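Participant: The following block contains the structure, expressed as structure tokens.
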Amino acid sequence: MTSSDEQNRGNLKPIPDTKDAVAVALHHAEEADFAPKVVAAGRGTTAEQILEIAFAKGIKVREDANLAQLLSAVDEDSEIPLDAFAAVAEILVYLYRANGKAPPGHEKSQKPSDQRSENIQELADVLAAKWRRDNGAKE
Numbered sequence: 001m002t003s004s005d006e007q008n009r010g011n012l013k014p015i016p017d018t019k020d021a022v023a024v025a026l027h028h029a030e031e032a033d034f035a036p037k038v039v040a041a042g043r044g045t046t047a048e049q050i051l052e053i054a055f056a057k058g059i060k061v062r063e064d065a066n067l068a069q070l071l072s073a074v075d076e077d078s079e080i081p082l083d084a085f086a087a088v089a090e091i092l093v094y095l096y097r098a099n100g101k102a103p104p105g106h107e108k109s110q111k112p113s114d115q116r117s118e119n120i121q122e123l124a125d126v127l128a129a130k131w132r133r134d135n136g137a138k139e
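The sequence shown runs 1 to 139 under our numbering.
Here it is in structure tokens:
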């Protein structure tokens with residue numbers, strides 16, 4: 001197995017060779033009561049470095065150009081915008097399941113796997129409500 005193969009294990013796509021690449025890294029603590037945060041974002045060489053680090057550490061990477069563009073406009077260490085909650089919730093639900101866990105507030109016995117979209121929507125709604133509360137918006 002080559003170094004490149006090792007970096008890409010567990011990820012569907014190789015590191016892009018384009019200077020137009022955009023990459024965003026998010027962080028969300030399971031026990032925390034806040035929305036996911038953008039912890040790194042970049043274009044071109046910086047994006048390639050973010051992806052290289054993710055691949056090297058075995059971090060799952062998802063390709064979504066529209067979401068990456070939206071999140072790359074967010075300041076680092078800032079919570080994701082409300083417009084990104086549904087897409088990010090879908091990613092989080094996938095990651096929880098891939099790691100053998102249930103999303104926060106959902107026990108495996110409560111929700112059968114065929115109700116995935118309901119779990120995603122519920123998680124997006126919870127994140128949106130927290131964002132509105134923290135930012136003084138009315139629900």
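All C-beta atoms in this analysis are idealised placements derived from N, C-alpha and C, irrespective of residue type, glycine included.
For clarity, every value in this text was computed on a predicted model and none was experimentally measured.
In whole angstroms, what is the alpha-carbon distance linking Q69 and D77?
Facilitator: Taking the sequence shown and counting its residues from 1, the one referred to as residue 69 is at position 69. Taking the sequence shown and counting its residues from 1, the one referred to as residue 77 is at position 77. Those two C-alpha atoms are separated by around 17 Å.
Participant: Would L73 and A47 qualify as a contact pair, given that the criterion is a beta-carbon distance under 8 Å?
Facilitator: Within the sequence shown, residue 73 is the residue found at index 73, counting from 1. Within the sequence shown, residue 47 is the residue found at index 47, counting from 1. Leu is not the amino acid found at residue 73; the sequence shown has Ala there. Not a contact, by the Cβ cut-off of 8 Å.
Participant: If you compare alpha carbons, which of D75, D20, G42, I80 is closest to H28?
Facilitator: Numbered from 1 along the sequence shown, position 28 holds the residue referred to as residue 28. Selected option, being the one with the closest Cα: I80.
Participant: Kindly indicate which three-state DSSP category V93 falls into: helix, strand or coil?
Facilitator: Taking the first residue of the sequence shown as position 1, residue 93 is located at position 93. Note: V93 maps to helix in three-state DSSP.
Participant: Let me check one thing: in DSSP terms, what residues is G42 bridge-paired to?
Facilitator: As a working mapping, residue 42 is identified with position 42 in the sequence shown. DSSP output for G42 lists A23 as bridge partner(s).
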